[in-house]
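Quick note, the sequences are listed as chains A and B, same order. Each residue of the first sequence is one higher than the one before, counting from 1 in the UniProt record's numbering. Each residue of the second sequence is one higher than the one before, counting from 1 in the UniProt record's numbering. The beta carbon of each residue, even a glycine, is placed where N, CA and C say it ideally should be. Computed from a prediction, not measured in an experiment: that's the story for all the values here. These notes concern the structure reproduced below.
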Amino acid sequence: MQTDLLQEARRQAEICNACRYCEGYCSVFPALHAERAFSDGDLTQLANLCHNCRGCYYACQYTAPHEFDLNLPQALADVRQDSWEDLAFPQAAGRAFQKNGVLIALATVVGFALLFWAARSLASQGGEGFYAVLSHNAMVAIFLPAFLFPLVSIGISLRRYWRHVGAQPLKPAHLAQAFRQAANMKNLKGGHGDGCNFEDEDRFTHARRAVHQAVMYGFLLCFASTSVATVMHYALHMPAPYGLLSLPKILGLSGGLLLVAGCFEMIRLKLRSDRNLGASGAFGGEIAFIGLLGFVGLSGLVLYALGQTALMPPLLALHLGAVLAFFLLTPFTKMAHGFYRLAALAADAQR
Amino acid sequence: MNQTADTPDIVVIGGGNAALCAAITAAEAGARVLILESAPKPYRGGNSRHTRNFRCMHHGPLGPLVDSYTEEEYLADLMKVTGGKTDEHLARLAIRTSEECLPWMQEHGVRFQPSLSGTLSLARTNAFFLGGGKSLVNAYYRTAARLGVEVHYEAEVTHLELDNDRIAFVEYAHQGETRRVTPKSVVVASGGFQADTDWLARAWGPAAKNFLIRGTPYNRGVVLADLLDQGVEQVGDPTQCHAVAIDGRAPKFDGGIVTRLDCVPFSIVVNKDAQRFYDEGEDVWPKRYAIWGRLVAAQPDQVGYVIIDAKSLNLFMPSVFPPIKADTLEELADKMELPADALVQTVAEFNAACGDTSGFHPTELDGVSTNGLTPPKTNWARPITEPPFYGYSLRTGVTFTYLGLKVDERAQCAIGNRPVRNLWAAGETMAGSILGQGYLAGFGMTIGTVFGRIAGKEAAAHAN
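Here you go:
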């Protein structure tokens, strides 16, 4: 962990602890006020609890040009970003991708290339629909490891996180509270329910919360679609393709639309917001990640629309290439924040 | 939405709580309003930026407030701190009107928080702003903008031309030029003069040069001086200011809430000669907080030094600057530039005078006192023996001054015995009309809100 980032966050946390005006905004402040001295682990926990709603920044009488120069959203974002790079497994991949939009784009291109190559080189073995392009077995051979590796990697990282912040053994009640708070994003409501200050300086809006919900639930619906399809394939012996009114299609279509709209709006919102209140130098990596996620959704929708045309094979390769890149990059991009955020909320529930 | 306010109906001077309440009220009554705020935008809001609560009368649970807080109880609290130096008629008006202010504040964007951790337990009497005073100020500026109120930042009003019994024009410096506006009504809400150290020193004596100013550096009393010079009636004692003892390492201006120190009751406080000078355990801290500013101001070089030991460190709110820490008293004296022998002796005398400490109770008057010591410590007197030892320096921090414009119940200013026909005052500028001395937490915001709204209403009625 970078000591200068931690030192700066510590300096600011100590000023916040003497002030306490922001107590009601989010979970960060009650957690902060419970301490008198802040260990590196405490700061990492506070940083991952922070949703970057920026309410405290605009309420703060000590922001620049005041000599105390408080910018807690940025100080915590920097520590948070650094913690993701530091706790990543393997660490080098975290350091490479987290902040680097160009590398994320390159990885996506490599994903495309790999799938085009696979479609050409691995015989289809006479399947139907998508499987005419790439056999079911080939898809499983590529995506099973690409799905399991990130899970293992994130699992290791979360264990490290749990130890680093000094959390207690996890109980179902802590997890339930964490999921509840993530489900309605309580910490983006601003304490008073008017929302956060992401969009337009000190004006409170629900824009970020709504957009984030669209991305999260859109992604979860898409994920559910794939999961349902997997169950249908293996357990019920109902292989794809599925009709419009089938569960995988209903989930996938609604999820895809939400995901694409959410990612599009999230990028628009990020471009409007003040970059100085986010992690230094991470803007490119964040935008590239949202772009990739949005592309996964969009290419899926286009593939659905044009699946019966001659464009299907290249579209399929693009979509699967993006999905592959997305899966493999999950532990090393902004996607990881969801897992750390849940961990932080669960650890906070123990307080 | 923003109308040009080249010839506004009303000019509001100042940009804090009272000014914004006046501007919003006037704009809602249909007046075109121009706010002239001397601070740049990041520092807008005057001392309101640093406030955090609103003292409010209520008959039953109201917003974040529990129970009830009656007019008589509120007034009694005010009488206690002012020693009766208040205009009871205006005080009752402020107290009575505060009840309708709270919902008004909420309607205009102010958000309160349910309750607060820390040492203050004011859930019944005071409503705390979520995010503090700056968030209140932000909400009001948003509301004002929506109502078409125009704001000029870094607009320093230099002169109000008094023509017989009305203000003829307002002169101000803005963007490198001097401008003159001729509004129908003027509301002055530009605070006290505490940021003008020379004025403070004229009133207080040279010791005031060593005072720290807890709030905005923009309350220099320019408009106040201009109006008083022209004979507008004044109220309050120029030598009076609200002064508390704050961390000696605080910035000269604008340190705000974080510079307060709550450790005095668990300490001994010495001057630069390492001599004690007052009973540190006289009463619970919020009650005695304000008197220590004056006590420290009366000591050589206007400094004091708080000495505690390890067992007291976690008994008070965390401080913004870490305490000076040492393993021995000699070392602590060295680090704090105090005479080591004298400090060791003072502590030894104090320790020897401490008796049975088994009744020690940090949050209430526990009667654990010294015997035969001058000055005594009448509560929380525990020997200072457990290393490491900790120290803080203390200086006098000025919150606000009391000298101001005398107003009537319509917030109108006067000259001789006649009202100035188009001049109203609100907030700290006229608080001396009610608060003769002392202070009651959250009462400044009450005065500002109540009289800001009155001034805005009257100014708009006159303009229409």
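For residue i, which residues of its own chain have a beta-carbon under 7 Å away from its beta-carbon, when the five flanking residues on both sides are left out?
i       : result
P150(A) : F327, L328, T330 and P331
A105(A) : A288
Y172(B) : L36, A155, E156, V157, T158 and R179
T357(B) : V368 and R382
L258(A) : A214, Y217, G218 and L221
Y62(A)  : I15, F68 and L70
G391(B) : Y305, V306, I307, P323, I324, L332 and M336
A201(B) : A208 and K209
Give a yes or no on whether 8 Å exceeds the smallest Cβ distance from residue i to chain A.
i       : result
V320(B) : yes
R142(B) : yes
G256(B) : yes
T4(B)   : In this prediction, T4(B) has a pLDDT of 39, which is less than 50 and means its spatial position is unreliable; nothing more can be read from the coordinates.
R49(B)  : yes
N138(B) : yes
R52(B)  : yes
T239(B) : no
P114(B) : yes
Using a Cβ cut-off of 7 Å, pull out every chain B residue sitting near residue i, in sequence order please.
i      : result
A75(A) : By Cβ distance, chain B contributes nothing, its closest Cβ being about 16 Å from A75(A), past 7 Å.
A59(A) : G131, G132, K134 and S135
R36(A) : N314 and P318
G55(A) : G131
Grab me the residues of residue i's own chain with a C-beta within less than 8 Å of its C-beta, minus the 5 sequence neighbours each way, in chain order.
i       : result
H59(B)  : S68, T70 and E99
C101(B) : F54, C56, T446, T449, V450 and R453
A107(A) : F97, A325, L328 and L329
Alpha carbon to alpha carbon, what distance is there between residue j and residue i?
i       : j       : result
G444(B) : A431(B) : 7 Å
T4(B)   : N47(B)  : Low confidence applies to T4(B): its pLDDT is 39, below 50, so where it sits in the model is not reliable enough to give any reading.
D165(B) : G205(B) : 35 Å
W285(B) : A381(B) : 14 Å
A64(A)  : D229(B) : 36 Å
A240(A) : Y58(A)  : 52 Å
E128(A) : S135(A) : 9 Å
A127(B) : L65(B)  : 6 Å
R288(B) : E282(B) : 7 Å
N2(B)   : E150(B) : Note on N2(B): pLDDT 34, under 50, position unreliable in the model; the coordinate value appears next. Cα-Cα distance, rounded: 7 Å.
L261(B) : A290(B) : 12 Å
A96(A)  : G16(B)  : 48 Å
P169(A) : E35(A)  : 20 Å
A167(A) : S393(B) : 37 Å
G221(B) : L403(B) : 10 Å
T119(B) : T429(B) : No answer about T119(B) holds up, because its pLDDT of 42 lies below 50 and its placement is not dependable.
L251(A) : V165(A) : 37 Å
L224(B) : L365(B) : 42 Å
If I measure Cβ to Cβ from residue i and keep anything under 6 Å in the same chain, skipping five residues before and after, which residues do I get?
i       : result
A18(B)  : A189, A426, G427, G448 and G452
L72(A)  : Q12 and C56
T25(B)  : R453, G456 and K457
Y140(B) : L20
A229(A) : P248
I10(B)  : A26, A31, V33, P183, S185, A459 and A463
So, is the C-beta of residue i closer than 8 Å to a C-beta in chain B?
i       : result
E199(A) : no
R272(A) : no
D202(A) : yes
P65(A)  : yes
M1(A)   : no
A18(A)  : yes
C22(A)  : yes
G191(A) : yes
E8(A)   : no
I250(A) : no
I15(A)  : yes
Who are the neighbours of residue i on chain B, taking C-beta pairs under 8 Å?
i       : result
D194(A) : R111
Y25(A)  : L130 and G131
Can you determine whether any heavy atom of the ligand FAD sits closer than 7 Å to the C-beta of residue i, and answer yes or no?
i       : result
A347(A) : Absence of the ligand FAD from the depicted structure is noted, as is the absence of any ligand whatsoever, leaving it without description.
I want to verify the contact list: residues of chain A whose CB lies under 9 Å from the CB of residue i, in sequence order.
i              : result
residue 466(B) : Because chain B in this structure spans residues 1 to 464, residue 466(B) falls outside the shown range and cannot be described.
P251(B)        : H66, E67 and F68
Check whether the stretch 412 to 424 of chain B and the stretch 228 to 244 of chain B touch, using three or more Cβ-Cβ pairs below 8 Å as the test. Contact between the stretch 412 to 424 of chain B and the stretch 228 to 244 of chain B is present: 3 or more CB-CB pairs across the two stretches fall below 8 Å.
Stretch-stretch touch, CB-based, cutoff 8 Å, three pairs: the stretch 390 to 402 of chain B with the stretch 194 to 201 of chain B: Segments in contact, yes.
Pairs of beta-carbons, one from the stretch 1 to 17 of chain A and one from the stretch 26 to 44 of chain A, closer than 8 Å: are there three or more? The stretch 1 to 17 of chain A makes contact with the stretch 26 to 44 of chain A; the number of CB pairs closer than 8 Å reaches 3 or more.
Taking 8 Å as the cut-off, does the stretch 13 to 33 of chain A touch the stretch 191 to 209 of chain A (at least 3 CB pairs, one atom from each stretch)? The stretch 191 to 209 of chain A makes contact with the stretch 13 to 33 of chain A; the number of CB pairs closer than 8 Å reaches 3 or more.
Stretch pair the stretch 173 to 186 of chain A + the stretch 340 to 347 of chain A: three plus CB contacts closer than 8 Å: Verdict: yes, contact present.
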